[in-house]
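Residue numbers (our numbering), protein chains in the order written: chain A, 1154 to 1331; chain B, 21 to 651.
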């Protein structure tokens, strides 16, 4: 009996590996969890992109569900996200905040003027510590922040991805229900 | 014009015909296998038609796709996605296998080619019934892969009636001669192991495996192994030149995917000798033959399904991955169940003395197997954790180096002693007699090197000593026994190891900002930054920086690293300039432009780095020679 098992060993080992490969297919290796999830969003005082005099503080998150979208005028992917952004901006009880990440403010302003501005507020993110505080990999990136200023979700890459959009909407729904 | 429009359809149609032929091949093979010894000539003829017919249509289909690339037929969506009118013609040929669909077509065409070549060889040598079993197994593989191609990744899908006017272009990183021939070589290796698999499964089905079978099997394993060795060497050389930081091996999942079958195949052909000469290890050999091909399939799956993240950013698609995994599971499960069921029939017992060739072949196999398993698990470990929801991690070079290097050194020791031993029993005195001069010589050279070089860590000195011992022992043995193939291959391992040790310990590098007129010394060479000028190629433009290189007072010439911007791509890429001879490489990368005409520049001096690939080539050559001298 013992001997028989020995001959079946390669088969069992392979089955085990195959199980993991099978489950692995459903996972997305590009989805990186942020260490910031379920933590309070980093506090900041940043100038508004469109009105230099106006300073926006992290208290802006209180009382509303916020979507923070990290973008830049040099980012090709962001250009195609426009339709999705407009949809998100029209959701009730949700504010869409743009974070113009490491960008030239002049070309960013021109970009918004030409294409239209989907955001309720746009933050200037050309200071050094913005990327570090928020753990930004690159544009585009999207955060969802709840009414108490806690980060509840983060997605890398384009919002045109079906999967990202689904997850984002599910996250928003769960916040509204609560 | 109309003719050209129809050609891709013809290619598509040929592929469907090839699919039908592969089903036919499976059937005829099965019948031939059942008929046993009474099978007659007509059946042999049918077997031949099925295999040759399949390969004929596969080649036709492959040529049709190649033609579409050569003539910029953007009505074929695969061509539109991977070609560009300004792509030079050699890269139009290699663009065929630059992405999933085309490389899979190459894969099945090669499988057809290997099957046909094998049948050609088998006709006069192997009994028809056994031919039938082998051809049937190959047919099953063919059916699986061609249907994968046809149903999930058809390269002949069209963009009609309005084809795009311009293609999206080939990834600039792939526009390199090293990479142009790397995938076909790698695939030749991967696919070649299908024959080993087919022979092993046929042996299990028939419940027989002996020295004659090994003689049929061995040349094919050696040939496939040689191709795989060349493929891996070319891949490493490509990474070194193109990725722009002078590394030659990154322990990336995709690289590991090529290394795994290589390790298994190396173990396989060493243990084949055991079956041939001593009738031992039969079951082990069959298991290795199955595993080698399974690992090739697993490699394809890992590369194509995107379950692991890798620097080789191939497009990934879970649907394809699911199909490939189902196929992989069916094939491997059946083979391993068959193994569990039939292999007890083949148990043999052999007695041998501890100090014998058998022992060292066994040690060789154990070490190679452990290496293979540890690389496999480290490659899959991030996936395991992710599936179990235990977080995302990546296993990096420190782990691999920590596991691989000590095991590899043990292997080198076995390689020094093993070839000096006789079958069954060797007297220790004899062994010492053979090994003493090479060891003395190695000690002397190590001491000389140690004195002449900056201080090295102990592990490196030991590694250096062992590699030198291996080199000297191999030369010494070759004077006594004429085994040129083995000698070259073992020499290749020694040369490669020396290259790795010396290049990593002696490398000097500088990363700095320079402006034209500046001059800097790196590793005994003086680099003078002359000027920056624009360059233009067929499908890119960019800037080149000219560096004049001096060694002492002697001028070695001009090196011009470039920053290229390909028309079809948004990202610029750096083209390193390399001046090389056998003993050192000077490697300059031009980085980003900085303020005031300054440029970020990286300069490396890498002594003996060529030895790494030279070793790979020697191994391949050894494999090919042992193939021809076996008769």
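Positions of the beta carbon are idealized from the N, C-alpha and C atoms, including for glycine.
When you compare only the Cα positions, how much space is there between residue i and residue j?
{"i": "residue 33 of chain B", "j": "residue 426 of chain B", "result": "53 Å"}
{"i": "residue 121 of chain B", "j": "residue 340 of chain B", "result": "11 Å"}
{"i": "residue 237 of chain B", "j": "residue 483 of chain B", "result": "34 Å"}
{"i": "residue 182 of chain B", "j": "residue 94 of chain B", "result": "10 Å"}
{"i": "residue 310 of chain B", "j": "residue 70 of chain B", "result": "24 Å"}
{"i": "residue 388 of chain B", "j": "residue 435 of chain B", "result": "12 Å"}
{"i": "residue 626 of chain B", "j": "residue 598 of chain B", "result": "10 Å"}
{"i": "residue 139 of chain B", "j": "residue 156 of chain B", "result": "12 Å"}
{"i": "residue 76 of chain B", "j": "residue 186 of chain B", "result": "32 Å"}
{"i": "residue 316 of chain B", "j": "residue 630 of chain B", "result": "28 Å"}
{"i": "residue 1169 of chain A", "j": "residue 221 of chain B", "result": "22 Å"}
{"i": "residue 628 of chain B", "j": "residue 478 of chain B", "result": "20 Å"}
{"i": "residue 84 of chain B", "j": "residue 196 of chain B", "result": "24 Å"}
{"i": "residue 201 of chain B", "j": "residue 540 of chain B", "result": "36 Å"}
{"i": "residue 1163 of chain A", "j": "residue 359 of chain B", "result": "9 Å"}
{"i": "residue 352 of chain B", "j": "residue 450 of chain B", "result": "45 Å"}
{"i": "residue 1249 of chain A", "j": "residue 405 of chain B", "result": "35 Å"}
{"i": "residue 225 of chain B", "j": "residue 287 of chain B", "result": "23 Å"}
{"i": "residue 217 of chain B", "j": "residue 1329 of chain A", "result": "57 Å"}
{"i": "residue 194 of chain B", "j": "residue 261 of chain B", "result": "12 Å"}
{"i": "residue 131 of chain B", "j": "residue 275 of chain B", "result": "22 Å"}
{"i": "residue 166 of chain B", "j": "residue 125 of chain B", "result": "8 Å"}
{"i": "residue 1226 of chain A", "j": "residue 1268 of chain A", "result": "11 Å"}
{"i": "residue 1149 of chain A", "j": "residue 1312 of chain A", "result": "Absent from the model: residue 1149 of chain A. The displayed extent of chain A is 1154 to 1331, so no value can be given."}
{"i": "residue 268 of chain B", "j": "residue 445 of chain B", "result": "41 Å"}
Grab the span of the alpha helix (DSSP H) containing residue i for me, first residue to last.
{"i": "residue 1274 of chain A", "result": "Segment 1274-1278 is the beta strand (DSSP E) holding residue 1274 of chain A; no alpha helix (DSSP H) there."}
{"i": "residue 235 of chain B", "result": "231-262"}
{"i": "residue 1262 of chain A", "result": "1258-1268"}
{"i": "residue 275 of chain B", "result": "273-298"}
{"i": "residue 427 of chain B", "result": "417-437"}
Span of the beta strand (DSSP E) holding residue i?
{"i": "residue 612 of chain B", "result": "604-613"}
{"i": "residue 578 of chain B", "result": "574-579"}
{"i": "residue 1223 of chain A", "result": "1218-1224"}
{"i": "residue 462 of chain B", "result": "Unbroken run through residue 462 of chain B is the alpha helix (DSSP H), 448-472; no beta strand (DSSP E)."}
{"i": "residue 1200 of chain A", "result": "1198-1200"}
{"i": "residue 1232 of chain A", "result": "Element bounds for residue 1232 of chain A: not the beta strand (DSSP E) but the alpha helix (DSSP H), 1229-1232."}
{"i": "residue 1309 of chain A", "result": "1304-1309"}
{"i": "residue 1253 of chain A", "result": "1247-1254"}
Can you tell me which of the three DSSP states residue i falls into?
{"i": "residue 62 of chain B", "result": "helix"}
{"i": "residue 1293 of chain A", "result": "coil"}
{"i": "residue 80 of chain B", "result": "helix"}
{"i": "residue 559 of chain B", "result": "coil"}
{"i": "residue 617 of chain B", "result": "coil"}
{"i": "residue 507 of chain B", "result": "helix"}
{"i": "residue 380 of chain B", "result": "helix"}
{"i": "residue 399 of chain B", "result": "helix"}
{"i": "residue 332 of chain B", "result": "Residue placement at residue 332 of chain B cannot be trusted, given a pLDDT of 48 that sits under 50; the coordinates are not used to answer."}
{"i": "residue 1176 of chain A", "result": "helix"}
{"i": "residue 599 of chain B", "result": "strand"}
{"i": "residue 534 of chain B", "result": "strand"}
Using a Cβ cut-off of 7 Å, pull out every chain D residue sitting near residue i, in sequence order please.
{"i": "residue 415 of chain B", "result": "In the structure shown, chain D does not exist; the protein chains are A and B."}
Just checking residue i against the ligand FMN - is the residue's beta carbon closer than 6 Å to any of the ligand's heavy atoms?
{"i": "residue 383 of chain B", "result": "Ligands are entirely absent from the displayed structure, and the ligand FMN is therefore not among its contents."}
Inset, instruction - Can you give me, in chain order, the residues of the segment 1301-1320 of chain A that have a beta carbon less than 9 Å from any beta carbon in chain B? - result: none
Legend entry - Interface positions of the segment 1187-1217 of chain A facing chain B (Cβ-Cβ less than 9 Å), listed along the chain: none
Inset, instruction - Could you please tell me which residues of the segment 197-211 of chain B, in chain order, have their CB closer than 7 Å to any CB of chain A? - result: none
Inset, instruction - Could you tell me whether the segment 405-424 of chain B touches the segment 454-464 of chain B, using the rule of 3 or more Cβ pairs below 8 Å? - result: no
Legend entry - Under 9 Å (Cβ pairs) to chain A, residues found in the segment 130-164 of chain B: none
Inset, instruction - Please name the residues in the segment 27-56 of chain B whose beta-carbon is closer than 7 Å to at least one beta-carbon of chain A, in chain order. - result: none
Inset, instruction - Determine, using beta-carbon pairs with one atom in the segment 1297-1309 of chain A and one in the segment 1228-1241 of chain A, whether at least three such pairs fall under 8 Å. - result: no
Inset, instruction - Using a Cβ-Cβ cut-off of less than 7 Å, give me the residues of the segment 302-316 of chain B that come near chain A, in sequence order. - result: 307
Legend entry - Inter-stretch contact (C-beta, 8 Å, three-pair minimum) for the segment 512-527 of chain B and the segment 632-639 of chain B: yes
Inset, instruction - Report the residues of the segment 1234-1254 of chain A with a CB closer than 8 Å to any CB of chain B, ordered along the chain. - result: none
Legend entry - Residues from the segment 165-195 of chain B in contact with chain A, defined by Cβ distance under 7 Å: none
Legend entry - Contact between the segment 362-373 of chain B and the segment 300-307 of chain B (3+ Cβ pairs under 8 Å): yes
Inset, instruction - Inspect the CB distances between the segment 608-623 of chain B and the segment 535-552 of chain B and report whether three or more fall short of 8 Å. - result: yes
Legend entry - Under 7 Å (Cβ pairs) to chain A, residues found in the segment 604-628 of chain B: none
Legend entry - Members of the segment 1287-1301 of chain A near chain B, C-beta cut-off 7 Å: none
Legend entry - the segment 1281-1293 of chain A in contact with the segment 1252-1268 of chain A per 3-pair CB rule at 8 Å: yes
Inset, instruction - Inspect the CB distances between the segment 39-51 of chain B and the segment 1312-1319 of chain A and report whether three or more fall short of 8 Å. - result: no
Inset, instruction - Taking only beta carbons into account, state which residues of the segment 361-390 of chain B come closer than 7 Å to chain A, listed in chain order. - result: 363 and 364
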